[in-house]
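Counting in this note's numbering, the sequence shown runs from 527 upward without gaps. One structure below.
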Amino acid sequence: MSAWLGGLVSGFLAVFLSTLAADYFLIRPVHSFAVSGTEGTYFAAFVVCVMVGSWVSSFQKKSQDALKAAHDRLEMQVTERTAELQQSNAGLRDSERQLRLLTEAIPQHIWSCKPDGWVNYCNRRLLDYVGRDMDQIEGWHLLNAVHPEDRSNFCEAWQEAMSSGRPFEGEWRLCGADGQYRSFFTRGVPFRDAKGQIIRWYGTATDIEEHKKAEQALVRMRAELAHLSRVLTMAELTSSIAHEVNQPLAAVVTHGQACLEWLSSKPPNLNEVRQAVERIVEDGTRAGAVLSHTRTLFMKGTPAWSQIDMNTLIKELVALVRDEATRHRISIRTELAAHLPRVMGNWTQLQQVVLNLIMNGIDAMREMPLDPRELLISSQKQSASSLLIRVEDNGIGLREEIAERIFEPFFTTKTQGIGMGLPISRSIIESHRGRLWAVPCESGGTAFQFTLPIRSQESHD
Numbered sequence: 527m528s529a530w531l532g533g534l535v536s537g538f539l540a541v542f543l544s545t546l547a548a549d550y551f552l553i554r555p556v557h558s559f560a561v562s563g564t565e566g567t568y569f570a571a572f573v574v575c576v577m578v579g580s581w582v583s584s585f586q587k588k589s590q591d592a593l594k595a596a597h598d599r600l601e602m603q604v605t606e607r608t609a610e611l612q613q614s615n616a617g618l619r620d621s622e623r624q625l626r627l628l629t630e631a632i633p634q635h636i637w638s639c640k641p642d643g644w645v646n647y648c649n650r651r652l653l654d655y656v657g658r659d660m661d662q663i664e665g666w667h668l669l670n671a672v673h674p675e676d677r678s679n680f681c682e683a684w685q686e687a688m689s690s691g692r693p694f695e696g697e698w699r700l701c702g703a704d705g706q707y708r709s710f711f712t713r714g715v716p717f718r719d720a721k722g723q724i725i726r727w728y729g730t731a732t733d734i735e736e737h738k739k740a741e742q743a744l745v746r747m748r749a750e751l752a753h754l755s756r757v758l759t760m761a762e763l764t765s766s767i768a769h770e771v772n773q774p775l776a777a778v779v780t781h782g783q784a785c786l787e788w789l790s791s792k793p794p795n796l797n798e799v800r801q802a803v804e805r806i807v808e809d810g811t812r813a814g815a816v817l818s819h820t821r822t823l824f825m826k827g828t829p830a831w832s833q834i835d836m837n838t839l840i841k842e843l844v845a846l847v848r849d850e851a852t853r854h855r856i857s858i859r860t861e862l863a864a865h866l867p868r869v870m871g872n873w874t875q876l877q878q879v880v881l882n883l884i885m886n887g888i889d890a891m892r893e894m895p896l897d898p899r900e901l902l903i904s905s906q907k908q909s910a911s912s913l914l915i916r917v918e919d920n921g922i923g924l925r926e927e928i929a930e931r932i933f934e935p936f937f938t939t940k941t942q943g944i945g946m947g948l949p950i951s952r953s954i955i956e957s958h959r960g961r962l963w964a965v966p967c968e969s970g971g972t973a974f975q976f977t978l979p980i981r982s983q984e985s986h987d
């Protein structure tokens, strides 16, 4: 008892007092502290047992006290940790609520899915657009909203993104609740854990229908302006076109008259007739080619892209404008690189660009002294992936302040110009993934040059 309540010292004191009391009152001789020989063994056993019991009682008390203190500390830690977890959970719930409010409020269609592509969340804006609830769109059902013509490409791009772990993006048409399709730019990015494993995909779908319509309207407007520019340019070349057509037609008449002469001979000279007829066919074909290319320049619309030999295009235009240049006492010289690679492009549009640059060069030299007036047109392979076309005149040149503005719409240095030729030309070259710019020449004139990428049909598609 003493050892349990007071500790080991109190227990040993109680053992000492108990030993004295037992010796005096219980061990013979009684009322004496002497111990007989026969009672000594029992007395010693008593003393040892009491000391062991006292030590065990004290040790158990200390153990129980330590266990109770540890239990109290553990309860306190559990209480503190529980409070922290409750506070953390409350913060997480608040953050989740704020995040959900954010995903519902921003003007975006937001979605998320599991690593295997299983859609498990769409915000209300996306659900309202497709006109379905979450349980109707969960899983793979969102794929049904993609336009049938876009579905295979969508699946291919999505599978490639999931297998590679790279971001997923593209333009697709999605069906709305009203049954109408609108264009969306969809982008998804993977969310990874500390080990780099994808645990979820998050994505957005941005409505770009109005942007696409505006882009299409811009393309139509640019086509109209390009057509107007071609018409105005071709109006200046009326005499050259008439000259180019008149030459083969005059030759046709001459060969026809010769053919009649050979037929009226006795006997008719059929060999000469045959040769005259062949020349008539050649001249008629040449006249038809001139009219065909002229008609192409006047046509509206955007013809399909094809493989283009820029040297051939330049030669045809030089033949078309040579009479106009001669009329102003301007010589045209060409330096065309042999075996020039073909480029992918729109023949009519590229023809319009080169024609506009040639006519600008001729206009720049009209007021110059008679000697020399030369327009140099060159082509070369600038690098392994691009061509360089250069139209150089030795005219009056461009002042620095004007050179910075010549590509601005409606800015012109011509008294009768509309200021759209060069802006349209630059727009055409940029649509071909090239670049158009002007540089001063050592001769004092100006060189307009542009690049075009060397691409195959497959790369364009």
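Built from N, CA and C at the ideal position, the CB exists for glycine as well.
DSSP beta-bridge partners of residue i
| i | result |
| --- | --- |
| CYS575 | Bridge partners of CYS575: none, in fact. |
| TYR647 | SER638 |
| GLU664 | For GLU664, which the question treats as bridged, DSSP gives no partner whatsoever. |
| TRP963 | GLN975 |
| GLY807 | Looking at the sequence shown, residue 807 is not Gly but Val. In the DSSP output, where bridge partners are listed per residue, VAL807 has none listed. |
| VAL869 | ILE834 |
| LYS907 | LEU913 |
| ARG599 | ARG599 is not bridged to any residue. |
| LEU902 | ARG859 and GLU918 |
| GLY923 | The partner list for GLY923 (beta bridge, DSSP) is empty, contrary to what the question assumes. |
| ILE724 | ARG718 |
| GLY729 | TRP637 and GLY714 |
Cβ neighbour criterion (16 or more within 10 Å) applied to residue i
| i | result |
| --- | --- |
| ARG718 | exposed |
| PHE976 | buried |
| VAL779 | exposed |
| ALA731 | buried |
| CYS639 | buried |
| THR941 | Low local confidence applies: a pLDDT of 48 at THR941 is under 50, so the model's placement there is unreliable, with the coordinate-based value given in what follows. That one is exposed. |
| SER689 | exposed |
| SER953 | buried |
| VAL574 | exposed |
| THR972 | buried |
| TRP666 | exposed |
| PRO898 | exposed |
| PHE694 | buried |
| THR874 | buried |
| VAL672 | buried |
| GLY605 | With the sequence shown as reference, residue 605 is identified as Thr, and Gly is not the correct amino acid for it. With fewer than 16 other Cβ atoms within 10 Å, it is exposed. |
| VAL965 | exposed |
| VAL582 | exposed |
| HIS865 | exposed |
| LEU978 | buried |
| SER584 | buried |
| ALA720 | exposed |
| ALA910 | exposed |
| TRP637 | buried |
| LEU600 | exposed |
| VAL917 | buried |
| GLY729 | buried |
Residue range of the alpha helix (DSSP H) that includes residue i
| i | result |
| --- | --- |
| ALA683 | 674-690 |
| LEU700 | Premise fails: LEU700 lies in the beta strand (DSSP E), 694-701, not in any alpha helix (DSSP H). |
| MET891 | 873-891 |
| ILE632 | No alpha helix (DSSP H) holds ILE632; DSSP gives it neither H nor E. |
| ARG952 | 947-957 |
Bounding residues of the beta strand (DSSP E) (the contiguous stretch that carries residue i)
| i | result |
| --- | --- |
| ILE734 | Per DSSP, ILE734 belongs to no beta strand (DSSP E) and is neither H nor E. |
| ILE834 | 832-834 |
| PRO716 | 707-718 |
| GLU918 | 912-919 |
| ILE858 | 857-862 |
Assumed close pair residue i, residue j - CB separation to whole angstroms, cut-off 8 Å
| i | j | result |
| --- | --- | --- |
| ASP919 | ALA890 | 5 Å |
| ILE840 | ALA851 | Not a contact, Cβ separation roughly 14 Å. |
| LEU913 | VAL879 | About 13 Å; that fails the 8 Å criterion. |
| ASN886 | PHE974 | 7 Å |
| SER709 | GLU741 | Their Cβ separation, rounded to whole angstroms, is 10 Å, which puts SER709 and GLU741 out of contact at 8 Å. |
| ALA687 | TYR655 | Not really, about 22 Å apart at Cβ, beyond 8 Å. |
| ILE903 | VAL844 | 7 Å |
| VAL645 | ILE663 | 7 Å |
| ALA683 | GLY696 | 5 Å |
| ASP676 | TRP698 | 5 Å |
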